[in-house]
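Please read the structure below before turning to the comments.
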Amino acid sequence: MSVVLNKNLALNPSFQARTDIAVPKKEFFDLPEKVIQFGSGVLLRGFTDFFIDKANHQGIFNGRVIVVQSTAKGKGDALNHQEGLYTVCEQGLEEGQAAERYSVLASISRAISATDDWQQVLQCAAIPTLELIVSNTTEVGLVYDADDSARFTPPDSFPAKLARFLFERFQKFPEKGFVIIPTELVENNGDKLRDYVLKHSEKANFGDAFAEWLLKHNRFCNSLVDRIVPGKPDTPRLLELQQRLGYIDNLLICAELYSLWAIEGDAMVEQVCSFREAVPSVIITKNITPYRERKLRILNGAHTISVAVAFLAEKETVLDMMNDALLGTFVERVVYQEILPSLDIDHKEDFAREVLNRFRNPFLRHKLHDITFQYTSKFKTRVLPIIRKYYEKHGHLPTHILFGFAAYLWFSRGVECVGSSVYGQLNAKGKVHSYLIHDDFAPFLFHQWKYIDPYNLSDVIRFVKGIAVNQDLWGMNLDGFEDFSPLVARHLNNIIQKGIVAALQEVDRFNFQH
Numbered sequence: 233m234s235v236v237l238n239k240n241l242a243l244n245p246s247f248q249a250r251t252d253i254a255v256p257k258k259e260f261f262d263l264p265e266k267v268i269q270f271g272s273g274v275l276l277r278g279f280t281d282f283f284i285d286k287a288n289h290q291g292i293f294n295g296r297v298i299v300v301q302s303t304a305k306g307k308g309d310a311l312n313h314q315e316g317l318y319t320v321c322e323q324g325l326e327e328g329q330a331a332e333r334y335s336v337l338a339s340i341s342r343a344i345s346a347t348d349d350w351q352q353v354l355q356c357a358a359i360p361t362l363e364l365i366v367s368n369t370t371e372v373g374l375v376y377d378a379d380d381s382a383r384f385t386p387p388d389s390f391p392a393k394l395a396r397f398l399f400e401r402f403q404k405f406p407e408k409g410f411v412i413i414p415t416e417l418v419e420n421n422g423d424k425l426r427d428y429v430l431k432h433s434e435k436a437n438f439g440d441a442f443a444e445w446l447l448k449h450n451r452f453c454n455s456l457v458d459r460i461v462p463g464k465p466d467t468p469r470l471l472e473l474q475q476r477l478g479y480i481d482n483l484l485i486c487a488e489l490y491s492l493w494a495i496e497g498d499a500m501v502e503q504v505c506s507f508r509e510a511v512p513s514v515i516i517t518k519n520i521t522p523y524r525e526r527k528l529r530i531l532n533g534a535h536t537i538s539v540a541v542a543f544l545a546e547k548e549t550v551l552d553m554m555n556d557a558l559l560g561t562f563v564e565r566v567v568y569q570e571i572l573p574s575l576d577i578d579h580k581e582d583f584a585r586e587v588l589n590r591f592r593n594p595f596l597r598h599k600l601h602d603i604t605f606q607y608t609s610k611f612k613t614r615v616l617p618i619i620r621k622y623y624e625k626h627g628h629l630p631t632h633i634l635f636g637f638a639a640y641l642w643f644s645r646g647v648e649c650v651g652s653s654v655y656g657q658l659n660a661k662g663k664v665h666s667y668l669i670h671d672d673f674a675p676f677l678f679h680q681w682k683y684i685d686p687y688n689l690s691d692v693i694r695f696v697k698g699i700a701v702n703q704d705l706w707g708m709n710l711d712g713f714e715d716f717s718p719l720v721a722r723h724l725n726n727i728i729q730k731g732i733v734a735a736l737q738e739v740d741r742f743n744f745q746h
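See the structure below:
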């Protein structure tokens with residue numbers, strides 16, 4: 233098999249006649265560009281771009297997406313090589329029965345590298361049909377970088393890039409702005425992005441008229457995304473799928489059946505986001521807080537708390553974790569005994585059951601290592617609020633969550649630092665495996681570990697204390713919670729001395745809080 237997915241293949245009459253795949257219609261390739269998307273990752277390709285494609289099939293949205301890649305050419309080149317086409321494989325359970333659906337998406341028109349083709353990105357501001365901006369640059373991308381400037385070519389950070397792009401739009405169309413929807417898992421992401429863009433515009437001296445236009449003609453929407461998109465399957469599974477589909481697709485991704493996109497917006501947002509009419513899981517409402525809290529704390533929180541535990545226990549995927557009796561029980565206790573009691577939201581038990589069923593989706597190979605991306609920031613935004621609320625309600629700290637925090641620290645112990653890349657080691661099945669610690673704070677943690685003996689309890693206690701009180705990491709002093717450092721240190725010492733499995737077996741046997 234040597235045929236690669238592209239426009240010629242997609243429009244071939246025999247391909248168009250297929251009933252086992254949703255295929256793009258010829259007219260899709262002539263639809264106007266309505267969306268500019270900052271981020272080329274699997275989440276948006278299996279989420280926003282997927283929804284737009286579904287709406288196009290129903291003749292509702294009738295638009296395409298320009299993808300702006302923040303890094304140098306790579307995935308963008310791959311998208312352009314396949315003329316924006318790629319396959320989404322949805323897999324899961326429907327009413328207890330296995331279900332698989334395949335779609336070739338044509339919602340992406342082209343991809344541009346902001347690093348290599350910044351002027352081409354700015355030229356897109358002159359496209360009159362553009363009306364929606366979407367982003368996913370992860371939690372660490374939605375920040376204000378005081379050292380960055382919207383005058384740079386290109387700016388380094390996403391908010392500065394957006395400020396410059398919007399200034400270009402203002403100069404071309406002073407009466408025509410955008411609906412802007414960041415999907416980063418940051419609380420009040422739309423409000424924060426608006427504030428960061430305003431700060432960058434002020435710093436760049438874009439003027440009061442631009443600031444007024446920014447607030448009057450643009451809508452920055454808080455939003456919440458919920459869909460597990462593991463992305464590209466491993467090589468054996470990819471080859472199996474390509475054999476079944478009959479073509480090579482280097483951008484094929486897998487996603488679960490479930491999806492939810494909650495957006496705070498008004499009538500203008502509803503009008504621009506007309507694809508919602510074709511996708512019931514896109515909800516535009518005045519307040520997304522309940523949706524955000526249950527998803528961020530239950531689904532993302534459970535992932536973040538458990539991922540290092542399962543990874544150190546030599547598991548590869550979320551499904552592997554859930555199928556292990558000890559680890560599966562750990563996840564359930566985290567959710568039901570510690571996360572849910574800390575939340576004051578409706579329908580939390582129903583959502584928790586659904587989340588655990590999604591974790592057990594037999595089709596998805598959601599790699600644990602992928603979930604550790606920017607691990608420190610994820611613990612800060614997703615888990616620390618749970619610890620705080622649990623402590624306020626119960627007067628003591630959640631045992632299983634602290635064990636997960638200790639596992640995160642042990643996972644983050646690098647053994648090699650090459651430039652800014654830090655690598656850890658895992659002894660699995662009698663072999664030593666190296667893994668990348670993809671975390672902006674990895675070099676800092678590497679150097680903190682470097683100066684202690686992990687097999688000396690006093691050193692471990694001192695190490696944990698130093699991490700807990702570091703407000704640059706957490707935005708707060710974690711030792712403000714009584715016994716935080718001693719409890720984490722006890723868990724961490726157990727993990728180091730006995731191994732993750734034996735240490736986990738003791739979590740419920742011994743209560744370190746008394």
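Residue 233 is where the sequence shown starts when you use this note's numbering, and the numbers rise one by one after that. Backbone N, C-alpha and C define an ideal beta-carbon position, used for all residues, glycine too. Just so we're clear, the structure is a prediction, and the values are computed from it rather than from any experiment.
Burial state of residue i, where buried means 16 or more other Cβ atoms lie within 10 Å
i	result
LEU275	buried
HIS746	Because the pLDDT of HIS746 is 40, which lies under 50, any placement of that residue in the model is unreliable, and the number read from its coordinates should be weighed accordingly. It is exposed - the Cβ of HIS746 has fewer than 16 other Cβ atoms within 10 Å.
VAL664	exposed
HIS679	exposed
GLY278	buried
ASN240	exposed
GLY409	buried
ARG269	Reading off the sequence shown, one finds Gln at residue 269, where the question assumed Arg. Its Cβ being crowded by 16 or more others within 10 Å, GLN269 is buried.
LEU311	buried
ASN725	buried
ALA395	buried
ASP440	exposed
GLU714	exposed
Test item: CB-CB of residue i and residue j under 8 angstroms
i	j	result
PHE583	VAL550	no
VAL235	ILE516	no
TYR376	LYS431	yes
VAL418	GLU371	yes
VAL539	PHE637	no
PHE397	LEU354	yes
PHE384	PHE438	no
ALA357	LYS393	no
TYR318	ILE495	no
SER455	ILE292	no
For residue j and residue i, the rounded distance between their alpha carbons
i	j	result
GLN729	ASP672	28 angstroms
PHE744	TYR490	With a pLDDT of 47 at PHE744, under the threshold of 50, the modelled position of this residue cannot be trusted; read the value that follows with caution. C-alpha separation (whole angstroms): 39 angstroms.
ALA510	ASN288	9 angstroms
ILE284	ASP252	20 angstroms
TYR667	VAL501	43 angstroms
LYS527	LEU572	12 angstroms
ASN702	PHE247	58 angstroms
ARG459	VAL429	28 angstroms
ASP498	LYS518	7 angstroms
HIS632	LYS612	17 angstroms
GLY533	GLU570	11 angstroms
LYS610	VAL514	25 angstroms
GLU315	ALA249	20 angstroms
ILE359	PHE605	35 angstroms
TYR623	HIS670	30 angstroms
ILE727	GLY373	32 angstroms
HIS723	ASN688	14 angstroms
ILE537	LEU641	11 angstroms
ARG401	PHE442	10 angstroms
ASN709	ILE684	21 angstroms
ILE618	ARG342	41 angstroms
PHE716	LEU588	28 angstroms
HIS449	ASP379	28 angstroms
ARG585	LEU531	10 angstroms
ALA735	GLY656	20 angstroms
VAL692	ASP602	27 angstroms
TYR568	ARG508	33 angstroms
LYS599	ASP466	10 angstroms
PRO406	TRP445	7 angstroms
Minimum Cβ-Cβ distance from residue i to chain D less than 8 angstroms
i	result
PHE384	Here there is only one protein chain, and chain D is not present.
**Report entry** Runs of beta strand (DSSP E) wholly within the stretch 308-340 (minimum 3 residues, chain order)
**Finding:** 318-326 and 329-337
Query raised in the report: Taking only runs of the alpha helix (DSSP H) that begin and end inside the stretch 523-560, which ones reach a length of at least 4 residues, in chain order?
Result: 533-544 and 550-555
Requested in this report: Say whether the stretch 553-570 touches the stretch 639-648, bearing in mind that this needs 3 or more beta-carbon pairs closer than 8 angstroms, one atom from each stretch.
Outcome: no
Report task. Identify every run of the beta strand (DSSP E) within the stretch 351-381, keeping only runs that are complete inside it and at least 3 residues long; order them along the chain. Result -> 364-367
Requested in this report: Decide yes or no for the touch test of the stretch 329-347 against the stretch 288-302: beta carbon pairs closer than 8 angstroms, at least 3 of them.
Outcome: As far as the Cβ criterion goes, the stretch 329-347 touches the stretch 288-302, which means the pair count is three or higher.
Query raised in the report: Can you list the alpha helix (DSSP H) stretches of 4 or more residues lying completely in the stretch 661-702, in chain order?
Result: 674-682 and 689-700
**Report entry** Residue ranges of each beta strand (DSSP E) within the stretch 389-414, 3 or longer
**Finding:** 411-414
**Report entry** Continuous alpha helix (DSSP H) assignments of at least 4 residues falling wholly in the stretch 462-528
**Finding:** 467-477, 499-504 and 521-526
Query raised in the report: Mind pulling the alpha helix (DSSP H) runs of 4 or more residues that sit fully within the stretch 428-457?
Result: As summarised for the stretch 428-457, the continuous alpha helix (DSSP H) elements at least 4 residues long and confined to that stretch are 440-449, given in chain order.
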